[in-house]
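The next block holds one structure in the form of structure tokens; read it before the comments.
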Amino acid sequence: MWFSTSVAIIIFLLFVDLPNNVQSQTCSGSPTEHCDTQALMSTYKLHYFNGRGRAEVSRLIFAAAGQKFEDIRYEGSEWPSHKSEMPLGQMPVLEFDGVKLPQSLSIARFLAKQFDLGGKDNLEQAKVDAVVDTMVDGVAKFGQIRREVDEAKRQADMEKFIVDELPKHMQNLEVLAKAYNNDGPFFVGNHLTWCDLFVYDMLENVLHVDGSALNRYSWLQRNRQEVEQQPKIAAYLKSRSQTPF
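Here's what the structure looks like:
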């Protein structure tokens with residue numbers, strides 16, 4: 006009798022406590038208000054060169070989420086001996102749950118979804134992607150020019166790009182912001198998403214070449230300041246190491 010009663014009590018307590026156990030699988034706190042604990046506790050390894058480059062947006066996402074990760078960096082001389090370890094023989098590569106994921110934007114989108122920085126629903130996610138794609142269009146030629154080996158040609162082409170082409174792309178970004186942001190400082194839905202981090206990172210490269218590139222775009226300046234003022238982002242930017250790129 007005692008045994009049967011004890012078992013019944015234990016079973017009852019397990020079921021009574023079940024809602025609390027389920028609730029503990031979520032975490033709170035902006036910007037990852039609804040992210041699950043498993044995502045935050047998982048192990049992430051990011052492989053890239055010793056620089057910001059194509060991996061930096063993922064590092065910014067990790068920073069915004071308060072997520073620890075293994076930041077594996079390779080010097081140029083080390084890369085040839087590790088190239089065969091990467092799925093496409095290129096970096097960045099994210100290693101997660103035994104899977105190696107290549108392509109910088111695929112990595113960023115995955116991480117953004119992991120930490121609720123990709124948009125609250127399918128429509129918001131599409132808006133975020135539209136901003137990212139617009140920024141990609143804006144820096145595609147910029148990247149090509151930076152890789153030009155002839156210094157005189159590179160300088161002339163860059164000056165032409167800054168004057169003749171960059172303004173159109175900056176205007177396009179502000180058009181999307183006006184349409185999507187509910188008069189707030191972020192691109193989509195008046196809350197931080199990974200497109201804010203991506204644009205911040207890409208424009209950092211542009212501003213390195215022309216510090217006045219955003220002078221005529223007050224909303225983009227506001228967005229940039231808001232990103233920098235996010236406590237976790239501010240801490241990351243303050244502590245990140247200086248690299249050649």
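Numbering (the numbering used here) for the sequence shown: 6 to 250.
Just so it is clear, CB atoms sit at the ideal spot from N, CA and C, and this is done for glycine as well.
- In the DSSP assignment, the residues bridged to Leu99 are Leu51, Leu106.
- The C-alpha of Phe120 lies about 44 Å from the C-alpha of Ala157.
- For Asp169, the secondary structure class from DSSP, reduced to helix, strand or coil, is helix.
- Collapsing the DSSP output to three states places Tyr205 in a helix.
- In this structure, the alpha-carbon of Ser109 lies about 25 Å from that of Asn186.
- Across the structure, Glu129 and Phe101 are spaced so that their CA atoms are roughly 26 Å apart.
- Membership of Tyr241 in the alpha helix (DSSP H) is indicated by the continuous run 236-244.
- In the structure shown, Asp76 falls within a strand segment according to DSSP collapsed to helix, strand and coil.
- Lys146 and Asn220 have their C-alpha atoms roughly 21 Å apart.
- By the neighbour-count criterion, in which 16 or more other beta carbons inside 10 Å mark a residue as buried, Gln235 falls on the buried side.
- In this structure the segment 229-244 lies against the segment 62-75, because at least three pairs of beta carbons, one per stretch, are closer than 8 Å.
- Assigned with DSSP and collapsed to three states, Leu181 falls in helix.
- One Cα belongs to Leu99, the other to His213, and the distance between them is close to 27 Å.
- The beta carbon of Gln226 lies closer than 6 Å to those of Leu219 in the same chain, with the five residues before and after it left out.
- Per DSSP, the unbroken alpha helix (DSSP H) holding Ala70 starts and ends at 61-70.
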